[in-house]
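Residue numbers (our numbering): 2 to 619.
Backbone N, C-alpha and C fix where the C-beta goes; we use that ideal spot for every residue, glycine too.
Treat the numbers as computed from the prediction; the structure is a model and nothing was measured.
In what follows, a single structure is set out as structure tokens and then discussed.
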């Protein structure tokens, strides 16, 4: 179909169809003419053969006369009649007159008429006279031969005209074929030129344009195009590239917008991360809060941000911070009465946003945000600011709770120290006080030196025990496990005792993956160290084994066994203060301490701690 409003002859399809129709018509015409000329040529050949046979037939008649003359054949009549009849049939055959009428060849008609007239007027009468006896055979033969030369010449002339007629038709056929081939070649060349101008060149332009578009050049247009289907295709291509360029610009704008949104989101996320990290560490640092508000103003893209906050909730005294040099003076240090607070802010007349900073029933203040002039807060701004307010609320509440927990832990620690001093050092000092009073009485009575020496020895032992208790308390209160877990700490203790003495100390640890908590591990470690020290110094053992395992009931069992001299029946009566402190630590763990001699010799000390001690130890 041609472009809208254009004539149909400009259509590529129409032009190709027309050219093919012309070529087909010329080919059919040439083929028809060839068939026609070929058929006529066949007729011409037949006529030429027929004319040539007249010449032969003339000589046959002459030969028949000569033969009859030589032999005096009386059958001349019959033979002559047959030859005359053959000649007359050939001469009057319709093929030659039809050829003459069809060709319209005047010279050929004249030569044929001459041959026909010569036969009828001259030759045939002589032959009839001879046949009928009007002329003698010799005279007839002589007269016929006189006519024969000229008559054969006339026949030859007619044959020549027939041959020239045939040759003319062949030449016409050749010229027709040549003209047809020339015209077809001309049309083909014309089609090639038209195809190059109206099809190939526009198609190449479209191809280059498509390649440019593929490379990203959406501004390429096809400016020169023909008034045909390819022109329509070119205009459609231009329209398509216009649409693609518009869509690409739209996509670029959308990508730029999404990139800006992503950039804002990244800024907001980084700000929230930084805020949660810094504010959580020190939420009441005014310098930090001022820097925080300035950065929040930049990230949120607002006019000003005001913060009214108190370190302690529900106080009358508040800190008022603002990013605006001309900050509002209507708060007067009291956030509860401030006109910008969420409770008093009139959102119908004030364009800003006020967000409370609170946790449960604790009100720490509020955060007020004033947008830029003639602008409203976007959803992402409101979301960011709400998240910031929640982060501040969480940080303030966390630090308040942390402070309270710190105070509680401090009180608990003081209570623990007081309990430890009371249960250990205070008792030792009380014992020394009683021993000092006893020594004074003995001195007042003038007791013997041996008795005084015994009292002084008991006092000395009490002082040593008190000093030992003091060192243990200092270790308990100040020192944590140097090792990452109880297993490693026990390995270090066993290695230490093994290297510092000749006693071989072994460890069998079977409670991997279990823990008594930091305080519980310290209590167990001191009990074990005390038991190992007693086994080496007092039991005079050569081999000590420390075994750690879990019972069927899930309890922790720590057993120290040696091959020494054993232990007395009631060691606590002999002022073994180490056993006393070990029992105290076992009670702190809600466990049990057992000690005694083994049947095979030596001493066994067992510390049994319940499986819930990790939750209860302190």
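Within the same chain, show all residues whose beta-carbon is closer than 8 Å to that of residue 92, passing over the 5 residues directly before and after it, in chain order. 55, 116, 117, 120
Go through its chain and collect everything with a Cβ distance to residue 18's Cβ below 8 Å, but skip five positions before and after it. none
Beta-carbon spacing of residue 113, residue 176 below 8 Å: no
How is the beta strand (DSSP E) around residue 323 delimited, first residue to last? 320 to 323
Write down the C-beta distance between residue 219 and residue 249 rounded to the nearest angstrom, noting that I regard them as a contact closer than 8 Å. 6 Å
Assigned secondary structure, residue 244 (DSSP; H/G/I helix, E/B strand, else coil): helix
May I ask you to report which of helix, strand or coil DSSP gives residue 137? coil
Suppose contacts are defined by Cβ-Cβ distances below 8 Å. Is residue 606 in contact with residue 532 by that definition? yes
If the criterion is Cβ atoms closer than 8 Å, does the pair residue 167 and residue 148 meet it? no
In the DSSP assignment, what are the bridge partners of residue 488? Its beta-bridge partners do not exist; DSSP assigns none.
My guess is that residue 358 and residue 346 are in contact by the Cβ rule of under 8 Å, so how many angstroms apart are they, rounded? About 14 Å; that fails the 8 Å criterion.
Buried or exposed: residue 485, going by 16 or more other Cβ atoms within 10 Å of its Cβ? exposed
Return the CA-CA distance between residue 194 and residue 262, expressed in angstroms with no decimal places. 58 Å
So who's on the other strand from residue 364, going by DSSP bridges? 359
Hey, is the segment 487 to 496 in contact with the segment 439 to 456, meaning 3+ C-beta pairs nearer than 8 Å? no
Measuring alpha carbon to alpha carbon, tell me which of 539, 584, 511, 516 ends up nearest residue 527. 584
Starting from residue 540, follow the beta strand (DSSP E) in both directions and report where the run begins and ends. That residue, residue 540, is in no beta strand (DSSP E); it is neither H nor E in DSSP.
Just to confirm my understanding: we take residue 20, look at its own chain, exclude 5 residues before and 5 after, and list those with CB closer than 7 Å. What are they? 188, 192
For residue 558, which residues of its own chain have a beta-carbon under 6 Å away from its beta-carbon, when the five flanking residues on both sides are left out? 550, 552, 609
For residue 511, which option in 520, 556, 518 has the closest C-alpha, if you only look at C-alpha atoms? 556
Quick check on this structure: which residue in 295, 372, 389, 371 has the alpha carbon closest to the alpha carbon of residue 274? 389
How close, in whole Å, do the beta carbons of residue 174 and residue 35 come, if the pair is a contact with beta carbons under 8 Å? 6 Å
In the DSSP assignment, the alpha helix (DSSP H) including residue 205 goes from what residue to what residue? 202 to 215
Is the distance from the Cβ of residue 546 to the Cβ of residue 499 below 8 Å? no
With distances taken from CA atoms, which of 246, 460, 446 is nearest residue 214? 246
Going by the CB atoms, is the gap between residue 141 and residue 131 shorter than 8 Å? yes
Give the C-beta separation of residue 59 and residue 127 to the nearest angstrom, bearing in mind that I take them to be a contact with Cβ-Cβ under 8 Å. Their Cβ separation, rounded to whole angstroms, is 12 Å, which puts residue 59 and residue 127 out of contact at 8 Å.
Selected residue, minimal CA-CA separation from residue 536, among 48, 143, 434, 506: 506
DSSP on residue 530, reduced to helix/strand/coil? helix
With 16 other Cβ atoms within 10 Å as the buried cut-off, status of residue 203: buried
Give the straight-line distance between the Cα atoms of residue 396 and residue 278, rounded to the nearest whole angstrom. 10 Å
Select from 170, 343, 356, 398 the residue whose C-alpha is nearest the C-alpha of residue 362. 398
Which stretch, first to last residue, makes up the beta strand (DSSP E) that contains residue 598? 593 to 598
For residue 309, which option in 67, 394, 185 has the closest C-alpha, if you only look at C-alpha atoms? 394
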